[in-house]
Amino acid sequence: MVAPAFDYVAAGSYDEAVRLLAEGGDDAKILAGGQSLMPMLNLRLAHPDLLIDINSADQRPPSVADGLLRLPALTRHRVLLEHDLVGRHCPLLAGAIRHVGNVRVRNRGTIGGSLAHADPTSEIGACALVTGARVVARGPDGDRTLPASELFDTYWTTTLARGEVITDVLIPVARPRQGWSFQEMVRRTSDFAIVAVAAVVELDEGAEVITTARVALAGVADRVTLADPGVPAVVRGADADFDAAAAAIAGRLEPVTDVHASGEYRRRLARVLVARALREASARAAA
Amino acid sequence: MNRRQTILSVNGADHEVWVLPSDTLLDVLHDELGMADVRYGCGEGVCGTCTVLLDGEPVNGCLTLALQAAGHQVTTMRGLMGPGEALHPLQECFLRRGAAQCGFCTPGMVLASFDLVRRVGRPTREEIRYALVGNLCRCTGYTKILDAVEEYADQ
Numbered sequence: 001m002v003a004p005a006f007d008y009v010a011a012g013s014y015d016e017a018v019r020l021l022a023e024g025g026d027d028a029k030i031l032a033g034g035q036s037l038m039p040m041l042n043l044r045l046a047h048p049d050l051l052i053d054i055n056s057a058d059q060r061p062p063s064v065a066d067g068l069l070r071l072p073a074l075t076r077h078r079v080l081l082e083h084d085l086v087g088r089h090c091p092l093l094a095g096a097i098r099h100v101g102n103v104r105v106r107n108r109g110t111i112g113g114s115l116a117h118a119d120p121t122s123e124i125g126a127c128a129l130v131t132g133a134r135v136v137a138r139g140p141d142g143d144r145t146l147p148a149s150e151l152f153d154t155y156w157t158t159t160l161a162r163g164e165v166i167t168d169v170l171i172p173v174a175r176p177r178q179g180w181s182f183q184e185m186v187r188r189t190s191d192f193a194i195v196a197v198a199a200v201v202e203l204d205e206g207a208e209v210i211t212t213a214r215v216a217l218a219g220v221a222d223r224v225t226l227a228d229p230g231v232p233a234v235v236r237g238a239d240a241d242f243d244a245a246a247a248a249i250a251g252r253l254e255p256v257t258d259v260h261a262s263g264e265y266r267r268r269l270a271r272v273l274v275a276r277a278l279r280e281a282s283a284r285a286a287a
Numbered sequence: 001m002n003r004r005q006t007i008l009s010v011n012g013a014d015h016e017v018w019v020l021p022s023d024t025l026l027d028v029l030h031d032e033l034g035m036a037d038v039r040y041g042c043g044e045g046v047c048g049t050c051t052v053l054l055d056g057e058p059v060n061g062c063l064t065l066a067l068q069a070a071g072h073q074v075t076t077m078r079g080l081m082g083p084g085e086a087l088h089p090l091q092e093c094f095l096r097r098g099a100a101q102c103g104f105c106t107p108g109m110v111l112a113s114f115d116l117v118r119r120v121g122r123p124t125r126e127e128i129r130y131a132l133v134g135n136l137c138r139c140t141g142y143t144k145i146l147d148a149v150e151e152y153a154d155q
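Chains as they are written, first to last, in our numbering: chain U, 1 to 287; chain S, 1 to 155.
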C-alpha cells in the first residue's frame, strides 16, 4: 500500500522538534528511525498530517558517567549491538538487540523511537524495565526524567505528554556479580516476540546468595511488564528454586489469545523462559 | 501536499526529482527513476527486496522517505556493477551457484551479502543466515544463496 499524504519537516535540534510539535498540534508526529512508524504509515494504521524528522537533531555517541550509561535517543540498534560501552555496561541490551528486526532495521531503528512506540512485544522495552532505566523527555517546559516503569501505558501508548520528545535513556551500569539473560520465543528470527523475558540477577559478596532478581516480560500483556516484585524473594538463597519462581510469575499473567499464540501457550512459554532466564542470569553472575 | 525539488545521488549520479513529502525512497527510485533493481515487496521492512545502501549501510527503501536521502549517497545493486554493466564478483557467484530463480529477491540478497562480507570478511554459514534473516526468497530454499555468499567470501 501507499502511505497517506503528510507533510515533512526536519528538526535540527530537540528544542526545534518540541517547538514544531507544539505548532503541529495533535496531528504531528516525531519521526526517528522510522522502522515502526513507516510500516504503520504504509499500512495506513497511522494518519499524521506532519512528520517531524529528528534524525539530524543529535549526533552524540553513548557515554558513561556517574554509574549511568547514557544512550542518546537516536542511538541506532546497530550501535547498541556493536558499541564497546554498551557491551561492557549493559550486556543485556547488546544481547537482546540481536533479536530485533534485521540488519536494515537495526541500521535505522533507534532506542528512543522504540521506547516511544511502546510495542508490548518490545525487547528494548523489557530491557529498559529490568535494568531500572530512566528516560529523559523534553517538552515545552524543559526536561524531566521518568523511570521506564512509568513510561508504558498500554498498546503503542506511552504516558508522555503529546508535546514531549525522548532525548536520552539512562541505564545503571552493570555491577560485579550481576548476571543477565534474554530469552525469546519466535516462529522465525526477527519476528515480533511471542514471549520474551529479560532477567537480571545479583549475588552477594560471597557469590552464593541471590540478593536481587528482576524479570521483565514482553508479549504477555498490553505493555512490557515487570514481574511482580514479591517474586524475587522466592529465588533468594543459594538453593534458589527457579522453576517455582517462574511458575509463580507465569501464574499471575493473563496473556491474550491472538493469531500468533493462545493465552495459555503464552503463559506456559513465560514459565519456561523465566526459569531459563533466571538460571542463565544466575550462572553468569557467579561466573 | 506540494511536491518539492530535491537531488538524489544514486550510484554516483545526481538526479533532480520532484517528490511528495510522503514519497518513500523506494517510490522515487523505482517509479520516478525507473530503477528496476529496487522492488516493492512488503512495505513493512520485512522482506528485503527494496534494500539499498545509504552511505554504504543497508536500509529499507520502503521505510526511508525520499527527502531523507537528500545529501546522502544511495547505492542500488546496479551501483556495484562495473563499466558496461559488468557483473560484480558476487553476482557471478550467484549465477554460478544457481542462487537466483525468479530473481525478485536477488538485488536485496546481493546488497545484504555484500555488506556482510565487507564488514566481517569471511562469515560463517550461520552468520550468513543471520545477516539474511530479513531477505525472503520464495524459490531457492536459501541453500544455494548461502553457497554463493560463501564462495564470494572465499575469493
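The beta carbon of each residue, even a glycine, is placed where N, CA and C say it ideally should be.
Pairwise C-alpha distance: residue j and residue i
i: V38 (chain S); j: Q35 (chain U); result: 18 Å
i: Q91 (chain S); j: A112 (chain S); result: 12 Å
i: F6 (chain U); j: G179 (chain U); result: 46 Å
i: V86 (chain U); j: G84 (chain S); result: 45 Å
i: G25 (chain U); j: A193 (chain U); result: 33 Å
i: G98 (chain S); j: Y40 (chain S); result: 23 Å
i: V291 (chain U); j: Y265 (chain U); result: Look at the range of chain U in this structure, 1 to 287, and you will see that residue 291 (chain U) is not part of it.
i: P61 (chain U); j: R134 (chain U); result: 18 Å
i: R138 (chain U); j: T225 (chain U); result: 24 Å
i: H117 (chain U); j: D153 (chain U); result: 11 Å
i: A247 (chain U); j: A96 (chain U); result: 23 Å
i: V220 (chain U); j: R271 (chain U); result: 11 Å
i: G142 (chain U); j: R70 (chain U); result: 18 Å
Test item: CB-CB of residue i and residue j under 8 Å
i: L115 (chain U); j: G125 (chain U); result: yes
i: E32 (chain S); j: V52 (chain S); result: no
i: R106 (chain U); j: R76 (chain U); result: yes
i: P140 (chain U); j: V9 (chain U); result: no
i: A207 (chain U); j: A286 (chain U); result: yes
i: D243 (chain U); j: A283 (chain U); result: no
i: D73 (chain U); j: T145 (chain U); result: According to the sequence displayed, residue 73 (chain U) carries Ala and not Asp. It is not a contact, given that the beta carbons lie outside the stated cut-off.
i: I249 (chain U); j: D222 (chain U); result: no
i: L51 (chain U); j: M1 (chain U); result: no
i: A213 (chain U); j: L278 (chain U); result: yes
i: I111 (chain U); j: V165 (chain U); result: no
i: G61 (chain S); j: T6 (chain S); result: no
i: L269 (chain U); j: M185 (chain U); result: yes
i: V74 (chain S); j: V10 (chain S); result: yes
Burial state of residue i (16 or more Cβ within 10 Å)
i: T157 (chain U); result: exposed
i: C50 (chain S); result: buried
i: S262 (chain U); result: exposed
i: I30 (chain U); result: buried
i: P147 (chain U); result: exposed
i: P120 (chain U); result: buried
Rounded distance between the beta-carbons of residue j and residue i, thought under 8 Å
i: E44 (chain S); j: P39 (chain U); result: 4 Å
i: G134 (chain S); j: G48 (chain S); result: 5 Å
i: Y14 (chain U); j: D58 (chain U); result: 7 Å
i: L116 (chain S); j: P123 (chain S); result: 6 Å
i: P172 (chain U); j: G251 (chain U); result: Contact flag wrong, Cβ pair sits at about 29 Å.
i: A94 (chain U); j: L80 (chain U); result: 6 Å
i: S56 (chain U); j: G12 (chain U); result: 6 Å
i: E104 (chain U); j: G33 (chain U); result: The sequence given here places Arg at residue 104 (chain U); Glu does not occur at that position. Actually they are not in contact, since the Cβ atoms of R104 (chain U) and G33 (chain U) sit about 10 Å apart, beyond 8 Å.
Practice prompt. May I ask you to list, following chain order, the residues of the segment 60 to 83 of chain S that have a beta carbon less than 8 Å from some beta carbon of chain U?
Written response: Within the segment 60 to 83 of chain S, the qualifying residues are N60, C62, L63, T64, L65, L67, Q68.
Discussion item. Taking beta-carbon pairs under 7 Å, can you tell me which members of the segment 185 to 200 of chain U lie near chain S?
Written reply: Taking 7 Å as the cut-off between beta carbons, the residues of the segment 185 to 200 of chain U near chain S are T189, S190, in sequence order.
Discussion item. What are the residues in the segment 123 to 139 of chain S lying within 9 Å of chain U by C-beta distance?
Written reply: For the segment 123 to 139 of chain S, the residues whose beta carbon sits under 9 Å from a beta carbon of chain U are, in order, R129, Y130, A131, L132, V133, G134, N135.
Worksheet item: Going along the segment 18 to 47 of chain S in order, which residues come within less than 9 Å of chain U, judged by CB to CB distance?
Response: Here the close residues are L20, P21, S22, D23, T24, D27, C42, G43, E44, G45, V46.
Practice prompt. Mind checking the segment 24 to 35 of chain U against chain S and listing, in chain order, the residues whose C-beta falls within less than 9 Å of any C-beta there?
Written response: L31, G33, G34, Q35: these are the residues of the segment 24 to 35 of chain U whose beta carbon lies less than 9 Å from some beta carbon of chain S, given in chain order.
Item to complete: Closer than 8 Å, Cβ to Cβ, to anything on chain S: give me those residues from the segment 139 to 152 of chain U, in chain order.
Response: For the segment 139 to 152 of chain U, the set of residues with a beta-carbon nearer than 8 Å to any beta-carbon of chain S is empty.
Worksheet item: For the segment 42 to 65 of chain U, which residues have a CB atom closer than 8 Å to at least one CB atom of chain S, in sequence order?
Response: If the cut-off is 8 Å between Cβ atoms, the segment 42 to 65 of chain U has N42, L43, L51, D53, N55 near chain S.
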